[in-house]
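Reminder that position 160 of the sequence shown reads as 163 in the working numbering, one-by-one numbering, no gaps. All residues carry an ideal CB built from backbone N, CA and C; glycine is no exception.
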Amino acid sequence: MPVHKPGRVLLHHLPLKFVRNRVSGQGRKPVDLSIPLVPFIDFLIVLVVFLLMSFSASGELLAQQPNLRMPDATNVAELEIAPIIAINPQVVTLDGRRMADTQTLAANPQMERIEQLIQDLETLKRNWSILHPNETFRGDVIIQADRNIDFRVIKKVMFSAAQAGYANVNFAVNRRGGPSQ
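In structure tokens form, the structure reads like this:
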């Protein structure tokens with residue numbers, strides 16, 4: 004038997020025309036499809052770059068706003084993940100969402116509740132209890148306040164946080180030497 008070039012022999016001897024056409028590659032759609040790798044590789048590169056840009060290697064929970072000068076402290080403890088209330092000279096925000104104007108709160112000497120802040124904190128509390136059904140709610144909140152803010156504004160924010168069930172208040176400060184707990 005002479006040696007000849009190998010070719011397609013699978014189901015080649017069948018008398019059915021559609022099988023013979025499909026096996027020989029004369030069908031409507033090709034049997035072997037090429038995978039477009041270039042768009043897939045582009046997608047993966049974009050995904051990796053996005054993840055690298057959003058990853059924080061330092062482990063910081065909060066970033067200091069540019070118009071916010073936090074007070075310095077020597078005796079500090081590490082903060083845990085909690086809602087962040089930022090108080091700068093213009094506005095009071097909860098996790099980046101505007102809650103009230105600082106000047107309006109400072110102008111009124113009466114103790115008043117910040118209703119929008121209370122509603123949003125209560126929503127966060129309900130969401131937390133749904134996500135952690137077997138744990139007790141500790142009521143942690145982080146206040147990141149400018150060092151020149153009137154204490155009445157901070158007091159109103161703390162009062163509103165306590166009204167929403169967040170009684171464990173932590174202040175974000177700049178660490179300046181000294182031992183840490």
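Rounded to whole angstroms, the gap between the alpha carbons of L55 and L134 is 27 Å. For Q119, the CB contacts under 8 Å within the same chain, skipping 5 residues up- and downstream, are M102, A103 in chain order.
For F174, there is no enclosing alpha helix (DSSP H); the enclosing beta strand (DSSP E) covers residues 171–174. In terms of CA proximity to G142, K128 leads the group K128, D153, R155.
Ranking F154, V6, A170 by CA distance to the CA of I90 puts F154 first. Between I88 and V95, the CB-CB gap stays under 8 Å.
Taking the CA atoms as reference points, L71 sits about 15 Å from I145.
When the beta-carbon positions are compared, N177 and D98 stay at least 8 Å from each other. For D123, the uninterrupted alpha helix (DSSP H) run begins and ends at 118–134, by DSSP. Cα atoms of V51 and D45: separation of roughly 10 Å, rounded to the nearest angstrom. For the options K159, I121, R150, the alpha carbon positioned closest to that of M114 is the one of K159. Annotation: the continuous alpha helix (DSSP H) that includes Q166 extends over 154–166.
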